[in-house]
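Same order as they appear, the protein sequences are chains A and B.
Take the first sequence: its letter number 259 is residue 259 in our numbering, and every next letter is one higher.
Take the second sequence: its letter number 34 is residue 34 in our numbering, and every next letter is one higher.
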Amino acid sequence: MDAIVAYGLTKEYNGQLALDGLNLQVPEGTAMACAGREGSGKTTLIRLLAGLCRPTSGECSIYGMSPAHESAKLHGAAGVVLGSAPLYGGMTLAENLRFFAGVHNVDQNDGAERSSFLLHQLDIWEERDQSAGSLPTSVARRASLARALMHRPRVLLLDDPAQGLDMETAEVVQGLLAYLLEEESLTLLLCTQNMGFAQKVCGSFTLLREGAMLARGDFDSLREGAGVWPRAALRLAEGGKPPQGFRLEGGLWQKEIRSEEEMPAIIAQAVGEGRSLYEAKLIRPTLEEVYQAYLEGGRRREAPAYGEGDRPEPEVPAEKPAGPAGEGPGQPAACPAGYSPQPGPAAAPGPHAPDGSSCPGDGEAPPAGEAALGATTQGE
Amino acid sequence: MVKKDLGAIWGRKGVRALLMLLPVLLMVAIPLLYFVVISMLPAADGVRVPQGILRLLPDSVSSLEYRPAWIEAFTTLLCPMLFLCIPLLTGAVSASCAFVGEKEEGTLETLLLTSMESRSVFNVKVSCCVLLSCFLSLVSFVAFFVTVTVVDVLTGAPFFLRLEWLVMVFLLMPALSLFSVVFVSLIISRVHSTGESLQTMGYLILPIVLLYLMQFAGVFPMNWLVLLGLAVAAAVAAVVLYNRAARNFQPEKLFAQRQEA
């Protein structure tokens, strides 16, 4: 069952599109991240789902409840954390949590227990008697999260919870979210520009740009859709001749590999050929790299490899129609963002641009059914 | 929630000072100053209050001596206007804090993210502000009652409390409190700050001042019937505005400026 659903969700402010026909389904008990840069419509999406504004067109719901018409009921089932919704500055942190528990009709004992649990989990127990107005940003952000979780919501809508948090504090938040996903079967929609945080917390992702969906799916399908692969990295003796196909990046000789299983063979080959190998490591792609690749048209930019000279321009295949943009998770992967059946500037392929050529991954679409959430894309 | 709102209003130093000083100034300090000035007036035998003023007062006043007649004129013609300013001002100030202040701080958004209906939030806030305004108006009336009663006894002026005052205290004052609070809640989406919303107090007081100026001009006397009519008109206007304000109390309208920003 989908806990959060949005169809063709569009929001315009003074004729300017903040969100453009977004389709979204978040299955119950899962965590999805909507990741994108500033101005990509993340906060607007949360505000629409929370009923703080109404869509220009399209619709959305949480457990079948319309944010516009059943907002009170919806807020009983969903906790919302927004940067623009702080706690009462004149009350202490503990008083704030008590107050919001009361507003949600949480029993006084349950409220005290829940408040203690959340304050401890978020490592802000010591600050409970401080006025909320005087709390430092990192504590205030965690306090807002505690407020949203006081009534044990089934759904949590988070708008950039890691903003203003140091790495250690972000890990605390991440730990609590992982616990809630596991123990309370929480459904999480995380909107953030902190891709690293999103990657750690969520299992599926929707990449946004300027209000439109770039791609959607789990990490592996997105990675494959973007043509971003793991890299084998070797540190060789200075002046040592690198193996064929490797290129120097950041002091390491690197090469894209299709699978982690290739790594032992690469090491064995390097050692077998008598190279002085000091270090070998596998560099896994990050969501940030995948997102960047989608922004650039679907493939990471790469320098020419050793022994290959300049990389040849990929052959432009005959124009072929695009597969339909995926309508939901679980559907076969379509082409990445930037793929366009129309000829034009985007169709002129570069070494990193599969536009107009084919689905990424060297012309191969990710295998259908490869992941529970196949990467789906939507026209920009 | 009422406790939280009252605490928030009372917790602001400036607002607390304003809410305490206003009644004291209007209903105790100004009357006392006036009585001191009257008691210092030279009153030669046979000197009378001007006929123009006597015409606005009950017939019994014409038989009073100079000072008691002036005190009667003051408590009958001027003090009601000062008293009616209190529910308007305290209502506007408390509503500015409860509505605009919360919107300014962002906590109104937090409140609307709870499982409370936005209509309930609106009702609670209006009730809280009206209750506070009525309470402060009643307290100031009691202070005025004590002050004027003492002065009446000392100067030999007739007891000031008449039917007009009862209509004002029990009908017109609550209606004006509600009107004032609802008026501020209606403009919440248009104003940007508490200070800006406090400026609306001027619009609220102006009609009352005009009414009493018309009375001084002899257009009509402010007898209990006129006051009753005013109370009904204020109540009807308040209910109409209340429905409109409650309909507009929607996140989409309240935070339109923030969203567009």
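Ideal Cβ placement from N, Cα and C applies to all residues, glycine included.
Please read these numbers as outputs of a predicted model, since none were measured by experiment.
Taking the CA atoms as reference points, A/Phe100 sits about 7 angstroms from A/Arg147.
Between the alpha carbons of B/Arg67 and B/Leu41 lies a gap of roughly 8 angstroms.
Boundaries of the alpha helix (DSSP H) harbouring A/Lys42: Lys42 to Ala50, taken from the DSSP string. In this structure the stretch 85-94 of chain B does not lie against the stretch 47-66 of chain B, because fewer than three pairs of beta carbons, one per stretch, are closer than 8 angstroms. Listed along chain A, the residues sitting closer than 8 angstroms to B/Lys4 by beta-carbon distance are Tyr88, Met91 and Phe99.
For A/Arg216, the uninterrupted beta strand (DSSP E) run begins and ends at Ala212 to Asp218, by DSSP. The alpha-carbon of A/Gly203 is positioned some 35 angstroms away from that of A/Ala270. Cβ contact annotation for B/Arg16 (same chain, cutoff 6 angstroms, sequence separation greater than five): Trp10, in chain order. By the beta-carbon neighbour count (other beta carbons within 10 angstroms, threshold 16), B/Phe35 is buried.
Within chain A, the C-beta atoms nearer than 9 angstroms to that of B/Glu252 come from Gly51, Leu52, Cys53, Arg54 and Ala68, in chain order.
A/Val80 has a beta carbon lying within less than 8 angstroms of a beta carbon in chain B. Taking 8 angstroms as the CB threshold, A/Ala146 stays off the interface with chain B. It is roughly 12 angstroms from the alpha-carbon of B/Ala217 to the alpha-carbon of B/Leu77. Under a 10 Å Cβ-count criterion, A/Arg223 is classified as buried, with 16 or more other Cβ atoms of the shown protein chains found around its own Cβ.
Pairing A/Glu182 with A/Pro153, the inter-Cα distance amounts to about 14 angstroms. The Cβ-Cβ distance between A/Arg128 and A/Met150 does not fall below 8 angstroms.
When the beta-carbon positions are compared, A/Pro67 and A/Ala50 come within less than 8 angstroms of each other.
In this structure, A/Leu87 and A/Ala143 form a Cβ contact; the two beta carbons are roughly 6 angstroms apart against a cut-off of 8 angstroms. Contact annotation: B/Val191 and B/Val126 have beta-carbon atoms that are not nearer than 8 angstroms. The continuous alpha helix (DSSP H) containing B/Trp70 extends over residues Tyr66 to Ala73.
Residue environment analysis places A/Pro136 among the exposed positions, since fewer than 16 neighbouring C-beta atoms fall within 10 angstroms of its C-beta. In this structure, the straight-line span from the alpha carbon of B/Ile208 to that of B/Met1 is close to 32 angstroms. In the structure shown, the three-state DSSP call for A/Thr92 is strand. Taking the Cα of A/Gln121 as reference, the smallest distance to any Cα among A/Gln174, A/Lys73, A/Cys60 and A/Ala268 is reached at A/Gln174.
One alpha carbon belongs to A/Ala132, the other to B/Ala245, and they sit about 30 angstroms apart. If you draw a straight line from the Cα of A/Gly89 to the Cα of A/Gly83, it comes to about 14 angstroms.
Within the stretch 147-215 of chain A, complete alpha helix (DSSP H) segments of at least 4 residues are found at 167-183 and 195-201, given in chain order. Between the alpha carbons of A/Ala293 and A/Ala198 lies a distance of about 17 angstroms.
DSSP places B/Asp59 within a helical segment (H, G or I) once states are collapsed to three. Sixteen is the threshold: when 16 or more other Cβ atoms of the shown chains lie within 10 Å of the Cβ of A/Pro242, as they do, the residue is buried. The count of Cβ pairs closer than 8 angstroms, one atom from the stretch 99-117 of chain B and one from the stretch 165-179 of chain B, stays below three, leaving the stretches out of contact. Following the DSSP letters along the chain, one finds A/Asp20 inside the beta strand (DSSP E) bounded by residues Gln16 to Pro27.
Remark: C-beta atoms of A/Leu186 and A/Leu214 do not approach each other more closely than 8 angstroms.
The stretch 245-256 of chain B makes contact with the stretch 182-189 of chain B, as at least three CB pairs between them are under 8 angstroms.
With a beta-carbon spacing of about 17 angstroms, A/Thr192 and A/Ala212 fall beyond the 8 angstroms limit used to define contacts. Chain B places a beta carbon closer than 8 angstroms to that of A/Ala85, counting this residue as a contact.
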